[in-house]
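Taking it in order: structure first as structure tokens, then the write-up.
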Amino acid sequence: MTEKKAPSFNQRLRRLRPWQQLAFATALAQRSAPNFLLFSEATDFGHRDEYLKLLALLWEELTAKAASINWEVQQEKLPDLQPNPDAFEVYGVYPALDAIMALELAVEQAFKHDEENAIRASKLSRSTVRQYLEMQAPEDLDDQELSQWVRYQDLMDDENAFQDELLNLVSAQFQPHPEILKSIRDLAGNQGFSNLGISLDA
Numbered sequence: 032m033t034e035k036k037a038p039s040f041n042q043r044l045r046r047l048r049p050w051q052q053l054a055f056a057t058a059l060a061q062r063s064a065p066n067f068l069l070f071s072e073a074t075d076f077g078h079r080d081e082y083l084k085l086l087a088l089l090w091e092e093l094t095a096k097a098a099s100i101n102w103e104v105q106q107e108k109l110p111d112l113q114p115n116p117d118a119f120e121v122y123g124v125y126p127a128l129d130a131i132m133a134l135e136l137a138v139e140q141a142f143k144h145d146e147e148n149a150i151r152a153s154k155l156s157r158s159t160v161r162q163y164l165e166m167q168a169p170e171d172l173d174d175q176e177l178s179q180w181v182r183y184q185d186l187m188d189d190e191n192a193f194q195d196e197l198l199n200l201v202s203a204q205f206q207p208h209p210e211i212l213k214s215i216r217d218l219a220g221n222q223g224f225s226n227l228g229i230s231l232d233a
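Count along the sequence shown starting at 1, add 31, and that's the number in the numbering used here.
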């Protein structure tokens with residue numbers, strides 16, 4: 032008798048309920064927040080308050096039963112938050128832009144359910160870490176060696192472990208009870224550190 036194969040990470044994401052997929056995407060957006068906030072502070076880019084308000088609205092959507100948020104209107108605010116990489120000479124613009132893209136995926140999920148958004152958010156966060164590590168890698172590595180080098184870095188391990196823990200936590204309850212949502216939000220806060228290990232207090 033053939034042993035049944037365990038579902039992949041992405042298959043598990045697809046099987047989540049809409050609120051669980053929104054919680055997953057929102058948590059990843061929350062975790063990437065320091066990447067945008069530190070960039071905004073360092074470059075005087077601004078838009079800090081608008082960014083934080085959108086994050087707060089996402090958590091309100093998850094936690095407040097009577098929440099009535101016009102997500103179509105909120106979507107219209109996102110383009111103004113996107114920094115243009117051509118206008119800045121610092122690497123930080125790229126993870127900052129990724130943080131806005133993560134926020135956008137969560138807002139899109141709140142506006143209109145799409146089971147692929149959680150997967151996109153997952154891949155985006157891993158990509159942010161991967162690109163950051165590739166920038167720091169030894170220059171003499173070929174593509175295969177670079178891929179292997181990145182895979183074994185602590186920051187990549189932390190990212191994968193975080194997403195595994197987040198998915199397990201989101202999957203633990205069928206209903207969005209306040210206790211589970213608080214646990215998800217606390218995990219997403221990551222003690223103030225982003226997926227790149229960046230903290231506003233560091």
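Glycine residues also receive a C-beta, built at the ideal position from the N, C-alpha and C atoms.
- Between the alpha carbons of Glu-170 and Ser-71 lies a distance of about 30 Å.
- Here Glu-135 is buried: its Cβ has 16 or more other Cβ atoms, across all protein chains shown, within 10 Å.
- The C-beta of Phe-55 has 16 or more other C-beta atoms within 10 Å across all chains shown, which makes the residue buried.
- Listed as beta-bridge partners of Ser-230 by DSSP are Phe-224.
- Scanning its chain for C-beta atoms nearer than 7 Å, with the 5 sequence neighbours on each side dropped, one finds around Leu-88 the residues Ile-100 and Gln-105, in chain order.
- By the neighbour-count criterion, in which 16 or more other beta carbons inside 10 Å mark a residue as buried, Met-166 falls on the exposed side.
- Measuring C-alpha to C-alpha distances from Ala-98 to each of Phe-142, Ala-73 and Asp-185 identifies Phe-142 as the nearest.
- In the three-state reduction of the DSSP assignment, Glu-120 falls in the coil class, being assigned neither a helical nor a strand state.
- The criterion of a C-beta distance shorter than 9 Å is satisfied by Thr-57 and Gln-140.
- In the structure shown, Asn-115 adopts coil according to DSSP, grouped into three states.
- According to the DSSP assignment, Phe-40 belongs to the alpha helix (DSSP H) that extends over 40–45.
- Residues Glu-81 and Leu-85 of the same chain have their beta carbon placed closer than 8 Å to that of Lys-108, with the five preceding and five following residues left out of the count.
- Proximity of the region 141–158 to the region 186–194 meets the contact definition, three or more beta-carbon pairs being nearer than 8 Å.
- A distance below 6 Å between beta-carbons, with the five flanking residues on each side excluded, links Arg-45 to the following residues of its chain, in chain order: Glu-146.
- With 16 or more other Cβ atoms inside 10 Å of its own Cβ, Gln-61 counts as buried.
- When secondary structure is reduced to three states using DSSP, Arg-48 falls in the coil class, being assigned neither helix nor strand.
- Rounded to the nearest whole angstrom, the CA to CA distance from Asn-226 to Ser-63 is 6 Å.
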